[in-house]
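What follows is a short report on a single structure.
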Amino acid sequence: MSTIIEKTNIGRYPILDVNPVFESGRFAAKAIENEVLPITAKIFGEGHDKIGATVVLQDPDGNVHAEYLMQQVGYDADKNWNCLVQVGKTLGLWHFYIEAWLDAYHTWEHHAKIKVPSNQDVELTLAQGSQIFSAWSKQKDVPTALKKVLAPIVSDLLNTSLSPEERLFRATASNIQEIALSHPFRQYISKSKKYPIAVDRRLSSFSAWYQFFPRSEGAKQKKDGTWISGTFTTASKRLQAVKNMGFDIIYMPPIHPIGTTFRKGANNTLHAKDHEPGSPWAVGSSEGGHDVIHPELGTIRTFKSFIKRANELDLEVSLDIALQCSPDHPWVKEHPNWFTHRPDGTIAYAENPPKKYQDIYPINFDNEPDQIVEEVLRILHFWIDLGVTVLRIDNPHTKPVWFWEVVIKRIKETNPEVIWLAEAFTNPIAMKTLGLIGYDQSHSYFLWRNNKYELTEFLGQINDYDAFWYRATLWPTTPDNLTDYLANGGTAAHAIRAVLAAMGSTTWGIYAGYELVENIQRQNPDGSHALEHVDSEKYQFKQRNWKDVSKYGISDFITTLNRIRNNHVSCQNMHNLQVHTTTNDNIIAFSRHISGSFTTDGKDDTLITIVNLDPHHAHQAMVYLDYGALNLPERYEAVDEVTGNYFELGRSIYVDLAPVISVAHIFHIKR
72 MSTIIEKTNI GRYPILDVNP VFESGRFAAK AIENEVLPIT AKIFGEGHDK IGATVVLQDP
132 DGNVHAEYLM QQVGYDADKN WNCLVQVGKT LGLWHFYIEA WLDAYHTWEH HAKIKVPSNQ
192 DVELTLAQGS QIFSAWSKQK DVPTALKKVL APIVSDLLNT SLSPEERLFR ATASNIQEIA
252 LSHPFRQYIS KSKKYPIAVD RRLSSFSAWY QFFPRSEGAK QKKDGTWISG TFTTASKRLQ
312 AVKNMGFDII YMPPIHPIGT TFRKGANNTL HAKDHEPGSP WAVGSSEGGH DVIHPELGTI
372 RTFKSFIKRA NELDLEVSLD IALQCSPDHP WVKEHPNWFT HRPDGTIAYA ENPPKKYQDI
432 YPINFDNEPD QIVEEVLRIL HFWIDLGVTV LRIDNPHTKP VWFWEVVIKR IKETNPEVIW
492 LAEAFTNPIA MKTLGLIGYD QSHSYFLWRN NKYELTEFLG QINDYDAFWY RATLWPTTPD
552 NLTDYLANGG TAAHAIRAVL AAMGSTTWGI YAGYELVENI QRQNPDGSHA LEHVDSEKYQ
612 FKQRNWKDVS KYGISDFITT LNRIRNNHVS CQNMHNLQVH TTTNDNIIAF SRHISGSFTT
672 DGKDDTLITI VNLDPHHAHQ AMVYLDYGAL NLPERYEAVD EVTGNYFELG RSIYVDLAPV
732 ISVAHIFHIK R
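Count along the sequence shown from 1, then add 71; that gives the number in the working numbering.
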């Protein structure tokens, strides 16, 4: 190509609006090993010439991993192009770029198929084709075997002993078309910039979390009303049941000493009684701070034993990192400048009006930021060295973004295996930015998306373009949140929200007690109900009778959901969810589909999830599937992965879902 063209900003063929690209490539798109990703762009050329485009994928060493031919989507003026690419197993920073070119063969073919039948410039047109085949057969990237197929066409097109129709037929036969797809004849190649894709390990996107408080596992109440705390040793006995349900990550709240000044009591009362343990998020006491284990939970030795047992069960351990302090934390005396002081000289406690957290002092990251960064890095390395591989960060959006960018980058340089979850219930731009600078997953607004229209919009967003920067982890409840839907919907509501969470995202989790349908809300002083659990573990011990789990069936249902997720590669990709039309607003239907081109057995993997959103009543609906999105035949066989029953289905599916029998179908299309 001419040097003058190469120096332009636009190139011979404009390649615009490339995605996934963030801030012109300043931040990398997210992916996991072997994930299938959509790449899109707007590409066009002048006149009526045919153009082609390819995505070139490079591994972290800069080697070309694969090239993927793009397809033009529709015929509008925007010239939208897309394709699916699959990154490999190597972790690190991958790159892709797009090449656009004149598709000389298909341009000639288009003209020839018009001119030859119309007897217009026939010999000239066929001679032009001969020149194209001559050049095409000499391209370096065309294998020798294919060159032997192309070379005879050079003379065939000039052979006047053959009819023009026969010559054109030979030049456009199916074997030539196959070569045009696999090794197209490219002229005047334009190249886009290179754009980054950060490829992380599978668990950073495909994971199932289980949250519990180790102090409650094995806790016992004595006759005088005081409690004996559970320990890491007693908590480890719960791990087998967690693994049996199919979870990958065991997640604990902060495990550090808890302050006594302004300690919160049961149900968030302002004054704790002597025997009440306080909130684990009020970190620090005279016994130590963020690098110390609460003595009632155990020691470094028993903590390491807990991690060892979890790892034996193929569970990874997540620790909640809450960068805040109780008034008794050693930092308050050792580093008073790390906090904000009010005009009267006192340290400002945390507030989210009207909520007040008198037992917590926020850190002021603008005071001595270098020292704070180094201290936090020291603490994180302390826990990582003990075997913690997943970090759940409490309220990261209440700290400066620059701080997380520095800390996450530094940790990933030495420990790229560590996974970061942001507990960020905040505005979309803040959640997006946290994702861009390094967080692997984030909490989401799933808790408050309950009806069909809210869920349709929400599921569409988190499984489409947003997933390149924001992997939404769906939790039906948390220690802080118990919605009216779950409080009023009983067991069926818990089953509904579980299937929506497990099938609606690649990453989801439950908080202990979900299997027991714990759904009683705390009552406010004015008689209204707070949207949180009564007798919350945040402020007190909770003794559960796990023998009652079988009464509800939720544990078995969760086990089934995790089995389905693990058995189907379509559940492990964040860019393939499609919501389908239903005739009843109480029924939502969505699918996950991945082409056999990207599966180990070469077969398409398709799941169709249909859910009754009403926990109280049976509902019927017709579900109309988007056949183009699913690559389905007219009639097909499907198995309901929940019940094991087989069905013959078609373009539309009639469903009748009654909560007392089944809240959902999850159909696997048999190929």
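Ideal Cβ placement from N, Cα and C applies to all residues, glycine included.
Inset, instruction - Identify whether isoleucine 378 lies in helix, strand or coil by the three-state DSSP scheme. - result: helix
Legend entry - Pair within 8 Å by beta-carbon distance, alanine 198 and leucine 229: yes
Legend entry - Alpha-carbon to alpha-carbon, serine 389 and leucine 755: There is no way to answer for residue 755, as the model of the chain reaches only from 72 to 742.
Legend entry - Helix, strand or coil at glycine 163 according to DSSP, with G and I counted as helix: strand
Inset, instruction - Give the straight-line distance between the Cα atoms of histidine 452 and alanine 306, rounded to the nearest whole angstrom. - result: 24 Å
Inset, instruction - Return the residue from the list Gln311, Met141, Ile737 and Ile392 that minimises the CA-CA distance to glutamate 712. - result: Ile737
Legend entry - Inter-residue Cα distance where the pair is phenylalanine 436 and proline 85: 45 Å
Legend entry - Cβ pair proline 91, alanine 100 closer than 8 Å: yes
Inset, instruction - Check the C-beta distance from phenylalanine 93 over to valine 126 and give it rounded, since I have them as a contact under 8 Å. - result: That pair is no contact at about 17 Å.
Legend entry - C-alpha gap between alanine 573 and threonine 653, whole angstroms: 21 Å
Legend entry - Meets three-Cβ-pair contact criterion under 8 Å: the region 514-529 and the region 543-561: yes
Inset, instruction - Quick one: which unbroken beta strand (DSSP E) runs of 3-plus residues sit fully inside the region 267-307? Chain order, please. - result: 278-282
Inset, instruction - Report the rounded CA-to-CA distance for phenylalanine 474 versus valine 444, giving the unit in angstroms. - result: 7 Å
Legend entry - Cβ neighbours of glutamate 608 in the same chain (closer than 7 Å, five flanking residues each side left out): Phe284, Ser287 and Pro550
Inset, instruction - Report buried or exposed for tyrosine 432, applying the criterion of at least 16 other Cβ atoms within 10 angstroms of its Cβ. - result: buried
Inset, instruction - For tyrosine 432, write down the residues that DSSP places opposite it in a beta bridge. - result: Cys396
Inset, instruction - Tell me, to the nearest whole angstrom, how far the beta carbon of isoleucine 320 is from that of serine 261; I am working on the premise that it is less than 8 Å. - result: Actually they do not touch by this definition, with Cβ atoms about 45 Å apart.
Inset, instruction - With DSSP as the reference, label arginine 593 as helix, strand or coil. - result: strand
Inset, instruction - Report the residue from Glu383, Ile169 and Ser234 whose alpha carbon sits nearest the alpha carbon of valine 193. - result: Ser234
Legend entry - Separation of glutamine 643 from lysine 314, as counted between CA atoms: 19 Å
Legend entry - CB contact flag (serine 276, threonine 578, <8 Å): yes
Legend entry - glutamine 715 burial status per 10 Å Cβ neighbour count (16 or more: buried): First, the amino acid is wrong: residue 715 is glycine here, not glutamine. Glycine 715 should be labelled exposed.
Legend entry - From Ala183, Trp519, Phe628 and Trp152, residue whose alpha carbon lies closest to that of glycine 116: Trp152
Inset, instruction - Can you say whether valine 187 is buried or exposed, counting buried as having 16 or more other CB atoms within 10 angstroms of its CB? - result: buried
Inset, instruction - Under 8 Å by Cβ, that's how I've got glutamine 592 and leucine 553 pegged, so tell me the actual separation to the nearest angstrom. - result: 6 Å
Inset, instruction - Please name the residue in Val220, Arg272, Tyr259 and Ser263 whose C-alpha comes closest to that of glutamate 249. - result: Val220
Legend entry - Three-state class that DSSP yields for lysine 101 in the structure shown: strand
Inset, instruction - Rank Asn486, Thr680 and Thr469 by C-alpha distance to the C-alpha of leucine 530 and give the top, closest one. - result: Thr680
Inset, instruction - Could you pull the start and end residues of the beta strand (DSSP E) that isoleucine 329 belongs to? - result: It is not in any beta strand (DSSP E) - isoleucine 329 carries neither H nor E in the DSSP assignment.
Inset, instruction - Run the CB neighbour count on tyrosine 725, radius 10 Å, all protein chains shown included, and call it buried at 16 or more, exposed below. - result: exposed
Legend entry - Pair within 8 Å by beta-carbon distance, valine 570 and alanine 735: yes
Legend entry - Selected residue, minimal CA-CA separation from histidine 177, among Leu239, Lys150 and Pro223: Leu239
Inset, instruction - Provide the residue(s) that pair with isoleucine 321 in DSSP beta bridges, ordered along the chain. - result: Tyr281 and Val388
Legend entry - Cutoff 7 Å; reference lysine 674; Cβ partners in own chain excluding five residues on either side: Gly667 and Arg742
Legend entry - Per-residue DSSP class, three states only, for glutamate 488: coil
Legend entry - Segment contact, 8 Å Cβ cut-off, at least three pairs: the region 266-275 with the region 583-603: no
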